[in-house]
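Under numbering that gives the first Met the number 0, the first residue of the sequence shown is numbered 0, with each subsequent residue one higher.
Cβ atoms here follow ideal geometry from the backbone N, Cα and C, with glycine treated the same way.
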Amino acid sequence: MIFHRPETEKRLFCPGPTPVPLKARFAAIHTSPYHRTDEFYRVFINCSEILGKFLDAEHAPLILNGSGTAAMEAAVVNFTEAGDRVLVLNCGKFGERWQELVSAFGCEPVICAAPWGKRPEIEEIRQLMKASPGIRAVFLQGTETSTAVRFPVREIAAMLRQDFPEALLIVDAVSSFGAEEIRLKEWGLDVVVACSQKALGIPPGLSFLAMSERARRRFSGRPRFYFDLRKEAEVQREGQSAFTPAISLILALESVLESWQQQGFSAVLERAATLAVAVRLGLKAMGLELLAEQSPSDALTAAYFPPGSDGKALIRELRERYGMVFAGGQGQLAGRIVRIAHFGGADPADLAAGLLALEYALFPDRFPSDGARGAAAFWAACYPLRSGEADSAETRR
Ligand SMILES: *Cc1c(COP(=O)(O)O)cnc(C)c1O
């Protein structure tokens, strides 16, 4: 009666943790090498160099122990002072997190908000900056994962660099890294934060922080110890870290980064973008309304459940009946939306099955004859008919 894969092999469609490739799993269970050896320094430096290339960072990004929020906190502690006026784009759960973090460390946030599922226009950001002189830093997401909205980081950076050159631009690219382009040097960003369990598809526990030359000249005078980025920058040049690194995760990281390098980073991004288009088509074909029509992300897609449905129960059913783990809504969207990730190692066959199961759970009366509209639209977008197939489909009609 229950055919799905056992507990350890559930299909993950949530935006993190994401499935860990077999090669990375093996890399991680390699007997932990001692980290104070040339052998390990080489692995560490290789990882930060590849990360730096993908982020267009002028200095190799730092590798930190801790989930994404650890690197977010490190950014706040190392680049702001208590009492600083800062601007926070708060359009969802993770914008809220920036706001809570900067407030916890005594900054005075000016909030640029938009209803969840939308984003502010660049002009609104410019006006807010003008109205609150002396803003020292701007905090935002690449993609706001709670709503699947993508922010125009490049355009925002261009506006800030031109009109507010003194403000540091600090980007939480945790869900965008590996799905959307983020170019630190070319775009004029100052701090970019990413972590392990999103597109990279390695277990949670590592975060990354890249900083510009301008940021390195703006270290705060705050007290700090574990996440002292001055100290980390000093030792990580040599492949060391101030404290014991998460060795097994770094071995897994190297495996995935090397595979990305082999495919070409643009191919990794293109794959996410293609799957993003196909998932959006699939969800719409089944009749669902997307949240982020205005500015959709390539990392993940969010859609409203039809009015009157019990979203939490549906997500539980998908997990328990089919072994498929979808993400629901957070905060004010709890129970109202489903979120599907399509970055990193996301697999078209798994996604097609996921859309089929979702449609079956939502609209059982369409089955067996008239269902699977979503999966069909998704599949055809992933694998467009080749010319011969298109002709014969035409003849049959
Ligand atoms: C997942 C995520 C984070 C990090 O959360 P952790 O639970 O600390 O890893 C931060 N920002 C965004 C946009 C995310 O999607």
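When the Cα of residue i is compared with those of the options, which residue comes out closest?
i: Q140; options: Y33, G51 and Q98; result: Q98
i: E120; options: Q293, Y321, L299 and R221; result: Q293
i: G281; options: P347, R270 and K311; result: P347
i: C381; options: A333, A272 and P306; result: A272
i: K22; options: D171, F39, P14 and L248; result: L248
i: E180; options: T146, L50 and Q196; result: L50
i: M210; options: G238, D171, I155 and T243; result: D171
i: V148; options: G238, R223, R338 and A277; result: R338
i: C194; options: K184, G177, S258 and L384; result: G177
i: R236; options: N45, V191 and K92; result: N45
i: L361; options: F342, P305 and G387; result: P305
i: E72; options: D297, A103 and A379; result: A103
i: A277; options: G334, D364 and W378; result: W378
i: R221; options: F325, E80, K311 and C111; result: E80
i: R41; options: M158, Q239, P164 and A136; result: Q239
i: L274; options: M128, L384 and L350; result: L350
i: Y359; options: A345, L332, R320 and L384; result: R320
For my contact list, residue i and residue j are in at a C-beta cut-off of 8 Å; report their separation, rounded to the angstrom.
i: S219; j: V76; result: 7 Å
i: I169; j: S31; result: I169 to S31, Cβ: 33 Å. No contact.
i: I134; j: L88; result: Going by Cβ atoms, the distance from I134 to L88 rounds to 12 Å, so no, they are not a contact pair.
i: V109; j: S131; result: 5 Å
i: L167; j: L63; result: About 19 Å separates the two Cβ atoms, so there is no contact after all.
i: A301; j: L290; result: 4 Å
i: T142; j: S368; result: The Cβ separation is near 38 Å, so there is no contact.
By DSSP, does residue i sit in helix, in strand, or in coil?
i: V42; result: helix
i: S206; result: strand
i: D171; result: strand
i: A291; result: coil
i: Y303; result: strand
i: R223; result: coil
i: K117; result: strand
i: C13; result: coil
i: F138; result: strand
i: P164; result: coil
i: P108; result: strand
i: C381; result: helix
i: M323; result: strand
i: E57; result: coil
Taking 8 Å as the cut-off, is the beta-carbon of residue i closer than that to any non-hydrogen atom of ligand 1?
i: E179; result: no
i: F43; result: no
i: K197; result: yes
i: C90; result: no
i: F93; result: yes
i: T144; result: yes
i: T68; result: yes
i: D171; result: yes
i: R96; result: yes
i: G15; result: yes
i: Q140; result: yes
i: P203; result: yes
i: S174; result: yes
i: S408; result: There is simply no residue 408 to check, as the chain begins at 0 and stops at 396 in what is shown.
i: L194; result: This sequence places Cys at residue 194; Leu is not what is there. Yes, the beta carbon of C194 sits closer than 8 Å to at least one heavy atom of ligand 1.
i: M399; result: Because residue 399 is not part of the residues shown, which for the chain are 0 to 396, the question remains open.
i: M71; result: yes
Please decide whether residue i counts as near chain D, where near means a Cβ-Cβ distance under 9 Å.
i: A352; result: No chain D appears in this structure, which consists of one protein chain only.
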